[in-house]
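Undergrad: Once you've had a glance at the structure underneath, I'll fire off some questions.
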Amino acid sequence: MNKTNGIGENAGLCRRDFLAGVGALSATAALGPWSVRRARADKPAPGGPREFTFVHMTDMHVTPKRRGDKGYAACVESVRALNPRPAFVLMGGDLGFDGNYSSKADFEEYIRLYKEVSDGLGIPYYNCMGNHDVLGWSARRKVPVDDPDIGKKMIMDRLEWEKSYYSFDFGGWHFVMLDSIYPVEAAHGPAYEPRIGSEQLDWLAYDLGAAGDRPKVVVTHIAAFCNMGQLNGDPERKAMDGHMVLWDTRELRTILERHKVKALLQGHSHRIEQYCMNDVWYLTSAAASGAWWAGSWVGSPPGYTVFRATGDTLTWEHRSFAWEPQLEPDDKLERANIAAQEAREAEQRRLLARERAGRRSPASQPVAFRCRTSRDADGARSERSPQPRPD
Ligand SMILES: [Fe+2]
């Protein structure tokens, strides 16, 4: 599945135009293993920003389970095959499968695999903190609360990642990687809330201010906008419910608007979403892992987004890559969800064919599909919010 969208004067850009445009670009990055630790500067091109492409990839949840590491390698190989070669990849968070509910040894392995495969990109990649990238900030933790590596320290040490939020310039554009995993102390011990926090917001405002008129893109793991209630037809689920969206979206949004940020790139929900408010786009990419390496997640197959920066205009295209789910014997829920998704897609095809043929059957009724369970914002199984209808 490939979809193209845009903002600015080329808002109606079609896929053919996009491909024709990027075909004239040249590679801008050197080969080599990359794990970017800090902001890196790049002088703006004389006469203004230049053309380049970059990738937003999120929620790869790298794990040997379901051969997710091989799936991620297929994803990386797909990025390597892009023509033109993107200048860099913005990693949207949830890099390893999980640090909150896994043993320290398992988390160590997830991070190692993530780094090993990501280094194969051959271009720079910039890490963003996800809620699964912290060790033990959950009541279900498998490490002691006084473990010296608890929290963000472990993944930041292993990836040589100096500050959890930072910015850099490229091609006359300004990019910011935010940390949306805000530390709090719960009754059970260290935990997180989905927020940017006043200190980081203050830094962001002045960082964007220092970037002046450069076009700007900001990345967060937890989304500013994502309404699971509307998406699932579930009136019980509120827009600010639980950990699906940032709790300080309003404060963040006003900063993005005042500095004319082009887009906020989001992750966490594992499904493609696009909203625009006051000229700022809020774009959620598909998860690279799809449904945690068990196929598509409610219509969003494993994939990523390719962006093209042209002058001060941003266009984008969603890409998927070939990967057949490699389920484990006990993945009953995942098998049921895959079957439900296939049924939804088959029903959509059937309805489309019938409606295009102009045949109306008075006896036919919309088909409601239900999964037995689903997953909540952090991938835990949940009985609360089944995926009730075709998307
Ligand atoms: Fe995720």
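Heads up: the sequence shown begins at 13 in the working numbering, then just goes up one per residue. Don't be surprised by glycine CBs; every beta carbon is placed ideally from N, CA and C.
1. Only counting the same chain, and skipping five residues up and downstream in sequence, which positions put a Cβ closer than 8 Å to that of Ser-114?
2. With a Cβ-Cβ cutoff of 8 Å, do His-73 and Ala-151 count as a contact?
3. Taking DSSP as the reference, what is the three-state secondary structure of Phe-100?
4. So for Gly-221, helix, strand or coil by DSSP?
5. When you compare only the Cα positions, how much space is there between Gly-311 and Thr-261?
6. Under 8 Å: do the stretch 224-233 and the stretch 162-177 share three or more Cβ pairs, one atom per stretch?
7. What do you reckon, is the C-beta of Val-299 under 7 Å from a heavy atom of ligand 1?
8. Terminal residues of the continuous beta strand (DSSP E) containing Lys-344?
9. Can you list, in chain order, every residue whose CB sits closer than 5 Å to a heavy atom of ligand 1?
10. Among Ser-332, Glu-359 and Trp-305, whose alpha-carbon lies nearest the alpha-carbon of Asp-343?
11. What number of angstroms, rounded off, separates the C-alpha of Asp-161 from the C-alpha of Thr-75?
12. May I ask you to report which of helix, strand or coil DSSP gives Cys-288?
13. What separation, rounded to the nearest whole angstrom, lies between the Cα atoms of Arg-249 and Met-256?
14. Could you please give the first and the last residue of the uninterrupted beta strand (DSSP E) stretch that includes Arg-153?
15. Where do the ends of the alpha helix (DSSP H) carrying Leu-243 lie?
16. On the three-pair Cβ rule with 8 Å, is the stretch 230-237 touching the stretch 138-145?
17. What's the gap between the Cα of Glu-269 and the Cα of Asn-290?
18. Taking 8 Å as the cut-off, does the stretch 336-356 touch the stretch 100-111 (at least 3 CB pairs, one atom from each stretch)?
19. By DSSP, does Asp-214 sit in helix, in strand, or in coil?
20. Taking the alpha carbon of Gly-183 as the point to measure from, which residue in Ala-99, Leu-243 and Glu-89 has its own alpha carbon closest?
21. Determine the direct distance from the alpha carbon of Glu-263 to that of Lys-77, and round the result to whole angstroms.
22. Quick one: grab the DSSP three-state call for Gly-80.
23. Taking the alpha carbon of Val-67 as the point to measure from, which residue in Ala-217, Val-273 and Asn-95 has its own alpha carbon closest?
24. Based on the DSSP secondary-structure assignment, which residues constitute the bridge partners of Trp-304?
25. Which residue marks the beginning of the alpha helix (DSSP H) containing Phe-119, and which one marks its end?
26. Cα separation between Ala-39 and Glu-128?
27. If you reduce the DSSP assignment to three classes, tell me which class Lys-272 lands in.
28. List the endpoints of the continuous beta strand (DSSP E) containing Arg-331.
29. With 16 other CB atoms within 10 Å as the buried threshold, where does Tyr-126 fall?
TA: Per the coordinate set shown:
1. Taking the sequence shown and counting its residues from 1, the one referred to as residue 114 is at position 102. Around Ser-114: Tyr-122 and Lys-154.
2. The residue labelled residue 73 in the question sits at position 61 within the sequence shown. The residue labelled residue 151 in the question sits at position 139 within the sequence shown. No; because the gap between Cβ atoms is not below 8 Å, this pair is not in contact.
3. Taking the first residue of the sequence shown as position 1, residue 100 is located at position 88. If DSSP states are grouped into helix, strand and coil, Phe-100 belongs with coil.
4. One-based indexing of the sequence shown puts residue 221 at position 209. Gly-221: helix per DSSP, three-state reduction.
5. Taking the first residue of the sequence shown as 1, we reach residue 311 at position 299. Taking the first residue of the sequence shown as 1, we reach residue 261 at position 249. If I take the Cα positions, the gap works out to 26 Å.
6. no
7. Here the question's residue 299 lines up with position 287 in the sequence shown. Note on identity: in this sequence residue 299 is Ala, with Val being the wrong assignment. Because some heavy atom of ligand 1 lies under 7 Å away, the Cβ of Ala-299 counts as near it: yes.
8. Locating residue 344 in the sequence shown gives position 332, counting from the first residue. Looking at the DSSP string, Lys-344 is not in any beta strand (DSSP E); the run it does join, the alpha helix (DSSP H), is 344-369.
9. Asp-71 and Asp-106
10. Numbered from its first residue, the sequence shown carries residue 343 at position 331. Ranking Ser-332, Glu-359 and Trp-305 by Cα distance to Asp-343 puts Trp-305 first.
11. As a position in the sequence shown, residue 161 is number 149, starting the count at 1. As a position in the sequence shown, residue 75 is number 63, starting the count at 1. Each residue's alpha carbon lies about 20 Å from the other.
12. Counting from 1 along the sequence shown, the entry for residue 288 is found at position 276. Cys-288 falls in the strand class under three-state DSSP.
13. Your numbering for residue 249 matches position 237 in the sequence shown. Your numbering for residue 256 matches position 244 in the sequence shown. Rounded to the nearest angstrom, the two C-alpha atoms are 10 Å apart.
14. Reading the sequence shown from its first residue, position 141 is the one you call residue 153. Here Arg-153 belongs to no beta strand (DSSP E), and DSSP marks it neither H nor E.
15. Within the sequence shown, residue 243 is the residue found at index 231, counting from 1. Here the alpha helix (DSSP H) through Leu-243 covers 240-244.
16. yes
17. Here the question's residue 269 lines up with position 257 in the sequence shown. Here the question's residue 290 lines up with position 278 in the sequence shown. Each residue's Cα considered, the two are about 7 Å apart.
18. no
19. By 1-based counting over the sequence shown, the position of residue 214 is 202. Note: Asp-214 maps to helix in three-state DSSP.
20. Residue numbering aside, residue 183 sits at position 171 when the sequence shown is read from its first letter. Per the Cα distances, Ala-99.
21. Your numbering for residue 77 matches position 65 in the sequence shown. Your numbering for residue 263 matches position 251 in the sequence shown. Going from the Cα of Lys-77 to the Cα of Glu-263 covers about 39 Å.
22. The count along the sequence shown starts at 1 and reaches residue 80 at position 68. Helix at Gly-80.
23. To locate residue 67, count along the sequence shown from 1; it is residue 55. Of the listed residues, the one whose Cα sits closest to Val-67 is Asn-95.
24. Numbered from its first residue, the sequence shown carries residue 304 at position 292. None, per the DSSP bridge assignment.
25. Along the sequence shown, one-based indexing puts residue 119 at 107. From DSSP, the alpha helix (DSSP H) with Phe-119 extends over 116-131.
26. Looking up residue 39 in the sequence shown gives position 27. Looking up residue 128 in the sequence shown gives position 116. With a pLDDT of 26 at Ala-39, under the threshold of 50, the modelled position of that residue is not reliable, and the figure given next carries that caveat. Distance between the alpha carbons of Ala-39 and Glu-128 is about 23 Å.
27. Indexing the sequence shown from 1 puts residue 272 at position 260. Of the three classes helix, strand and coil, the one that applies to Lys-272 here is coil, per DSSP.
28. Sequence index remark: in the sequence shown, residue 331 carries index 319 (1-based). Its beta strand (DSSP E) spans residues 325-332.
29. Counting from one through the sequence shown, the residue named residue 126 turns up at place 114. By the 10 Å Cβ count, Tyr-126 comes out buried.
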